Amino acid sequence: MNLQKIFDQLNITQAQPAISIFVPTHRTFPDNQQDAIALKNAMKELETRLSENHDKREAQTLVQQIEQKLADHNHNYNLDTLAIFATAEDTQILNFPFKVKPRVIIDQHFSTRDILRELNNAVHYYLVVVSRNQGRLLEVFNDQLVRELNQEDELQGLNFPIENTHLYTTNSDDRSNAIKEENYIKEFLNRVDKSVQEVYKQNPLPILVFGDERIVSFYQQVCDNPSAIFATVTNSTNLESEARLLIDDAQDKVNLYRTKLQQASQAEISQAKSQNLLIEDLSSIYRAAKEGRVDQIFIRKGYIQPATIDEETSNVELNSDTTNTDDIVDDVLSIVIQHGGKANFLSGEFLDENINLLAKVRY
């Protein structure tokens with residue numbers, strides 16, 4: 006799942022109406038039996054709201070178009086959120102590996118802020134599992150499986166899982182020769198890596214390599230893009246296990262990677278402060294973002310701040326109404342990204358007390 010590409014495509018769409026529907030879903034039976042009911046309720050809400058504010062014939066056509074697209078949807082393949090993005094011309098059905106608040110939005114643009122937050126907050130990575138006999142490739146989002154590539158994911162190279170059937174010898178002379186055995190294994194791992202890199206080029210994500218110490222070392226030696234590898238796991242006994250166990254065993258390294266990213270952000274904050282490039286005032290941050298001056302923003306994880314904006318002065322007035330008032334954090338985040346800035350989400354221990362949002366400006 007190329008979340009960045011999905012966001013970019015959705016974010017440029019303008020239509021009247023542009024419909025966004027988010028339905029929390031479940032990955033496993035029997036919990037996923039609730040999902041069809043939740044989806045049906047969301048569609049009823051959509052139909053009612055469209056009929057109230059749009060031509061009834063057009064509203065009916067839109068609803069039918071979405072329902073036709075949903076006819077082939079199999080709830081057994083649900084992840085954590087079912088998202089529907091529809092205009093009069095097209096409907097997209099997407100399964101997201103993260104939870105989103107259930108809602109139906111009818112606007113002139115698609116609602117993409119949840120995607121944007123996850124893009125900048127999550128560790129989205131490939132888990133390459135290698136042994137002397139097999140290579141597997143999983144796509145993981147934080148601690149959740151997005152997919153494990155299989156024979157249906159057709160590649161120019163070998164399809165996953167890749168079995169070592171051609172490059173391994175049972176000849177007693179060769180097996181007694183450590184150099185020849187090593188060469189056989191490296192040649193196999195090189196073929197695995199060729200398929201990994203083909204997937205990587207389609208959607209560049211950091212890579213975690215999983216296997217015993219010797220095989221992982223061989224893989225790193227033959228890998229065409231070793232700089233993409235952010236961590237390795239060499240102490241697991243679950244090499245042939247289901248994806249859930251592999252992901253669980255990888256979490257310590259993923260958490261360490263996340264910590265390193267936050268430590269780098271903390272260093273950026275210190276440097277910006279020493280250079281007088283750090284802004285703390287919310288109104289000043291908003292104005293700098295609108296002017297395209299924000300290079301990076303640093304957001305405390307989970308921070309939401311309802312606010313209203315004076316369009317003449319760009320002053321931000323905080324508001325306690327969390328239902329009918331826009332979140333200023335999402336506004337700033339969207340504006341900064343539009344101007345080529347970067348967003349960093351930090352846990353509380355990486356920010357001073359009472360600091361929820363900071364901005365590093367370019368000048």
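With our numbering as the guide, the letters of the sequence shown map in order to residues 6 to 368.
From the three backbone atoms N, C-alpha and C, an ideal C-beta is built for every residue, glycine too.
The structure presented is a predicted model; accordingly, all values stated were derived computationally and were not measured.
Collapsing the DSSP output to three states places His80 in a helix. Comparing alpha carbon positions, the residue from Val334, Glu316, Arg292 and Phe303 closest to Ile309 is Val334. Considering only Leu132, Gly162 and Glu358, the residue with the shortest C-alpha distance to Phe215 is Leu132. Counted as a single uninterrupted DSSP element, the stretch harbouring Ala255 is not any beta strand (DSSP E) but the alpha helix (DSSP H) occupying residues Ala248 to Ser279. Exposure of Gly353 is indicated by the presence of fewer than 16 other C-beta atoms within 10 angstroms of its C-beta. Contact between Gln19 and Gln113 is confirmed by a C-beta separation of about 6 Å, below the 8 Å threshold. Taking Ala348 as the centre and dropping the five residues before and after it, the same chain places the C-beta of Asn125, Ile302, Ile304, Leu338, Val341 and Ile342 closer than 7 Å to its C-beta, in chain order. Here DSSP, grouped into helix, strand and coil, assigns Pro22 to strand.
9 Å or more divides the Cβ of Asn58 from the Cβ of Tyr82. Within the stretch 78 to 162, complete alpha helix (DSSP H) segments of at least 4 residues are found at 118 to 126, given in chain order. Leu244 and Leu283 have their alpha carbons spaced roughly 46 Å apart. The shortest CA-to-CA distance from Ile167 to any of Asp198, Phe146 and Ala183 is the one to Asp198.
Exclusion of the five residues before and after Ala64 leaves Leu55 and Ser56 as the residues of its chain whose Cβ lies within less than 6 Å of its Cβ. For Ile212, the uninterrupted beta strand (DSSP E) run begins and ends at Ile212 to Phe215, by DSSP. Judged by pairs of C-beta atoms under 8 Å, the stretch 144 to 152 does not touch the stretch 216 to 232, as fewer than three such pairs exist.
A direct Cα-Cα distance of roughly 37 Å separates Thr170 from Arg263.
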